[in-house]
Amino acid sequence: MRSPAVLEVIGLSKSFGGIHAVSDVTFNVGGGELLALIGPNGAGKSTCFNMLMGQLQPNSGRVLLDGENIIGLAPRTIWRRGVGRTFQITATYPSMTVIENVQMALISHNRKTFSFRPRARSLYVDEARRLLDLVGMTGQENRAAAVLAYGDVKRLELAIALANNPKLLLMDEPTAGMAPKERIALMQLTADIVEERGLSVLFTEHDMDVVFGHAHRIMVLNRGVLIAEGTAQEIRDDAQVREVYLGGGAVFAKQGQQNA
Ligand code: ADP
Ligand code: MG
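For what it's worth, my numbering labels the leading residue of the sequence shown as 10, then goes sequentially.
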């Protein structure tokens with residue numbers, strides 16, 4: 010971990026009826042760290058994310074953001090404290106243009122309300138342009154969000170998430186539904202932004218090429234339990250991890266091969 014920790018997760022647990030979705034999970038996210046959380050379907054990754062965001066209350070455990078507890082706070086409060094997220098389902102306003110979407114996010118971040126709508130067009134234009142430039146969307150500012158290619162919608166979502174100036178960004182399967190090339194591009198972009206802005210990112214991802222190629226550190230969750238943590242090489246060499254992915258051996262395929 011690149012210390013000091015931005016987020017400390019201590020003994021986090023969540024059950025649904027008899028299912029232990031997340032069991033006593035403990036980890037830190039360091040400042041400026043690009044940290045991957047991987048694991049088979051149903052491992053508990055999204056449940057973890059939902060607890061960090063305040064959407065789900067844990068049965069037990071603590072989550073500290075810059076040393077302060079965030080468990081029990083409303084999602085919006087946690088967001089205001091600097092935990093951003095990109096959504097698996099797209100969170101853009103299709104009827105607005107690209108730049109208007111980012112402006113709305115900036116307006117929201119700066120606590121202006123929709124009553125400013127008539128003037129919204131002129132608010133935060135420069136900042137919105139800077140964010141769109143950061144995600145590689147210069148020249149697309151005035152297109153309707155509805156007509157964007159899927160990969161560009163994802164870039165726009167990233168710009169919207171960054172408008173809140175998060176210290177920690179949570180990305181649950183950010184590349185779902187993307188072609189392999191687009192996935193690599195989006196993660197490369199994310200890695201560049203992590204480098205440039207020094208924010209921390211925790212992400213889940215199915216494509217192991219993307220994970221091994223970009224994450225600074227990787228954690229493996231299986232049936233709600235963290236079973237391994239380390240660099241790409243350490244995770245590749247971990248016997249327990251190999252066992253979990255046995256049968257899905259493509260997880261450890263070489264670059265360029267696609268997972269099922
Ligand atoms: P992942 O994101 O790693 O695929 P999830 O966190 O979505 O895994 O799910 C972990 C386990 O918890 C699964 O067994 C899932 O069926 C169960 N689960 C998740 N959310 C709920 C819920 N709201 N109610 C009941 N069971 C749930
Ligand atoms: Mg999930």
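Yeah, the Cβ is synthetic: ideal placement off N, Cα and C, and Gly gets one too.
May I ask you to report which of helix, strand or coil DSSP gives residue i?
i    : result
T106 : strand
T95  : strand
F16  : Correcting the residue identity first, residue 16 is Leu in this sequence and not Phe. In this structure, L16 counts as strand in the three-state DSSP scheme.
I28  : strand
K176 : coil
E205 : helix
R232 : coil
R138 : helix
R130 : coil
E252 : helix
R343 : The question about residue 343 has no answer here: the residues shown for the chain are numbered 10 through 269.
K23  : strand
E275 : No statement about residue 275 is possible, as the shown extent of the chain runs from 10 to 269 and does not include it.
What residue does the alpha helix (DSSP H) around residue i start on, and which one ends it?
i    : result
A170 : 159-171
G222 : 217-223
N59  : 54-61
R152 : Careful: R152 lies outside any alpha helix (DSSP H) and carries neither H nor E.
P84  : 84-89
E243 : 241-245
Exposed or buried, residue i, counting other C-beta atoms within 10 Å across all chains shown (16 or more means buried)?
i    : result
Y254 : buried
G26  : exposed
Y133 : buried
G51  : exposed
D3   : Only positions 10 to 269 of the chain appear in this structure, which leaves residue 3 out of reach.
E166 : buried
A158 : exposed
P175 : buried
Kindly examine the ligand ADP and report whether one of its heavy atoms sits closer than 7 Å to the Cβ of residue i.
i    : result
F36  : no
I236 : no
N68  : no
A30  : yes
N78  : no
A52  : yes
Where does the unbroken beta strand (DSSP E) through residue i begin, and where does it stop?
i    : result
A45  : 43-47
V144 : V144 -> no beta strand (DSSP E), and no H or E assigned at all.
R71  : 69-74
Open item on the list: Considering only heavy atoms of the ligand MG and the C-beta of each residue, which residues fall inside 7 Å, strictly closer?
Closed with: K54, S55, D181, E182, T213
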